[in-house]
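A.B. asks: Residue numbers (our numbering): 1 to 212.
Idealized CB from N, CA, C, for every residue including glycine.
Below: one structure in C-alpha cells.
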C-alpha cells in the first residue's frame, strides 16, 4: 500500500470512529450532562497529551453538539442509570482502544520510513476495522438511528474535519486552529452543564495540536 493510500485509510478510520462517537451523542441527547461528561472523559482521559487525533475528535464533538444535539423528549429521568447510558458505558473501553490505536497508526504513517513493513501497517488497519469499528457499529447502529442519527447528513462534514490530518499547517492555519479551540472551549461559559464548564478549565493548559 502506498503512503498516500495509507494516509487516506487512517483518515477514513478517524471518520468512522467519529461517526460512532456522534451516534453515542445522539443516543444520550436527553441527558446532556452525561453526554458531555462522556465526551470529556474520551477527550481528556484516554491519552494524557494533546495530539492530532484528539484535536479532530474535539472538533467533531463541538460540531455535533452545536448543530444536532437537542433533547428528543426528556426520556432521561433516572439519575445516570438509563438504558442509553448503560449501553454507552459498556462501549467506553472500545472507544478508548479506538482512540489509542488510531493515534498510533497516525504516528506510524506520519513517521513511516523505508525500514517499516507496509504489510504490518496494512494488517493493523484491517484489524482496526474488524476489532474496533465493527464492534462499536454493532452496538450503536439501531439505537442511534432511533434517536435521530443520520449518517448521510453527517459524514461529509466529519470528513472535512479529518481530511487535513496529515497536512502541513501554515502559520495562518495555526492561528485559526487556536481560535477554533478557544471558541470550542468557551462554549462552557454559556452552557448549563458542569461537564462543558470543565472543558473550559483546560483552555489555558491545552496547546493546539496543529502547532505540534
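Among 1, 16, 5 and 3, which residue has its Cα nearest to the Cα of residue 160?
C.D. replies: Out of 1, 16, 5 and 3, 16 has the C-alpha closest to the C-alpha of residue 160.
A.B. asks: Suppose you measure from the CA of residue 128 to the CA of residue 100; what does that come to, to the nearest Å?
C.D. replies: Distance between the alpha carbons of residue 128 and residue 100: 11 Å.
A.B. asks: Quick check: the region 22-39 against the region 137-147, are at least 3 beta-carbon pairs closer than 8 Å?
C.D. replies: With a cut-off of 8 Å, the region 22-39 and the region 137-147 count as touching, because enough Cβ pairs lie within range.
A.B. asks: According to DSSP, is residue 69 part of a helix, a strand, or is it coil?
C.D. replies: Here residue 69 sits in coil by DSSP.
A.B. asks: Quick check on the burial criterion: 16 or more other C-beta atoms within 10 angstroms. Buried or exposed for residue 291?
C.D. replies: Here the chain comprises residues numbered 1 to 212, so residue 291 is not present and cannot be evaluated.
A.B. asks: Could you tell me which of 163, 89 and 71 sits nearest to residue 148, measuring between CA atoms?
C.D. replies: Cα-wise, what sits closest to residue 148 is 71.
A.B. asks: Considering only the alpha carbon of each residue, which of 117, 165 and 154 lies closest to residue 1?
C.D. replies: The option with the nearest alpha carbon to residue 1 is 117.
A.B. asks: Within this structure, are the beta carbons of residue 121 and residue 52 separated by less than 7 Å?
C.D. replies: The answer is no: Cβ separation not under 7 Å.
A.B. asks: State yes or no: is the beta carbon of residue 98 nearer than 7 Å to at least one beta carbon in chain B?
C.D. replies: The displayed structure is made up of one protein chain only, and chain B is not part of it.
A.B. asks: Mapping DSSP to helix, strand and coil, what is residue 82?
C.D. replies: Three-state result, residue 82: coil.
A.B. asks: Can you tell me which of 69, 47, 10 and 8 puts its alpha carbon nearest to the alpha carbon of residue 36?
C.D. replies: With distances taken between Cα atoms, residue 36 lies closest to 69.
A.B. asks: Which same chain residues, not among the five before or five after residue 144, have their C-beta less than 7 Å away from its C-beta?
C.D. replies: Around residue 144: 23, 26 and 27.
A.B. asks: Thinking C-alpha only, which one of 42, 150, 163 and 108 is nearest residue 19?
C.D. replies: Comparing Cα positions, the closest option is 150.
A.B. asks: How should residue 45 be labelled, buried or exposed, when 16 other C-beta atoms within 10 angstroms of its C-beta is the threshold for buried?
C.D. replies: Counting Cβ neighbours within 10 Å, residue 45 comes out exposed, since fewer than 16 surround it.
A.B. asks: Using the Cα positions of residue 211 and residue 125, report the straight-line distance between them to the nearest angstrom.
C.D. replies: Note that residue 211 scores a pLDDT of 37, beneath 50, so its modelled location is shaky; the value from the coordinates is reported in the next line. Using only the alpha carbons, I get a separation of about 27 Å.
A.B. asks: Going by beta-carbon coordinates alone, are residue 39 and residue 61 separated by less than 7 Å?
C.D. replies: For residue 39 and residue 61, yes; Cβs fall inside 7 Å.
A.B. asks: Looking at the structure shown, is residue 29 part of a helix, part of a strand, or coil, going by DSSP?
C.D. replies: Here residue 29 sits in coil by DSSP.
A.B. asks: Give the DSSP-derived three-state secondary structure of residue 11 in the structure shown.
C.D. replies: In the structure shown, residue 11 sits in a helix (DSSP, three-state: H, G or I).
A.B. asks: Please state the DSSP three-state secondary structure of residue 126.
C.D. replies: Looking at residue 126 - three-state DSSP - the assignment turns out to be helix.
A.B. asks: Compute the distance between the beta-carbons of residue 105 and residue 10, then report whether it is under 7 Å.
C.D. replies: Yes, these two residues count as a Cβ contact at 7 Å.
A.B. asks: Can you list, in chain order, the residues of its chain with a C-beta nearer than 6 Å to that of residue 94? Leave out the 5 residues immediately preceding and following it.
C.D. replies: Answer for residue 94: 135 and 136, listed in chain order.
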